[in-house]
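As structure tokens, the structure follows; a few thoughts come after it.
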Amino acid sequence: MFEATMESHYIRGGIVLIVNGISVSFDHFDRKLEKAIYELERHFLPIKIRSIHIIKPRSQIFNILKPLWFFLLGRRLRSRSQIHSGHQKEVLESLTLYGITPMILPSAIGGDLVLDHKRWLKKKRDRE
């Protein structure tokens, strides 16, 4: 997300946030911290979140947290949020309907993009 704040086309056009619900557990949530981060992003980051796509949410966790999370999102983002469930092929087909192709999705969620964090960090450091 920080990378997006440095690029003008992301600031003007906004970003699509993809949430990987496969590995979510209750241990990942701290309500006060989540609210603080949300408020900081909402008021101080110069980017717009255009839509949110939640991939394969764990049903029991998601059903408990969904009302609170959607309340915090507000009406505009709530209407632009999509939930993609089912087998991997079905999820990828569903995302494609929104212009999110496997070519730009990380391999961890079934896409073709292989992420190499060490190479990315090295590239960023070399630029500076």
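So the sequence shown is numbered by numbering that gives the first Met the number 0: it starts at 0 and just counts up by one.
Just so it is clear, CB atoms sit at the ideal spot from N, CA and C, and this is done for glycine as well.
How close, in whole Å, do the beta carbons of Val15 and Arg49 come, if the pair is a contact with beta carbons under 8 Å?
6 Å
What whole-angstrom Cβ distance do His83 and Ile53 have, given they're in contact under 8 Å?
7 Å
Three-way DSSP call (helix, strand, coil) for Arg126 in this model:
helix
Taking only the alpha-carbon atoms, compute the straight-line gap between Ser80 and Pro66 and give it to the nearest angstrom.
13 Å
DSSP state of Ser78, grouped into three classes?
helix
In the DSSP assignment, find the alpha helix (DSSP H) that holds Ser93 and state where it starts and stops.
Gln87 to Thr95
Quick one: using the 10 Å Cβ neighbour count with 16 as the cut-off for buried, is Ile51 buried or exposed?
buried
With a 10 Å radius around its C-beta and 16 neighbouring C-beta atoms as the bar for buried, classify Val113 as buried or exposed.
exposed
C-beta contact flag for Ile46 and Gly13 at 8 Å:
yes
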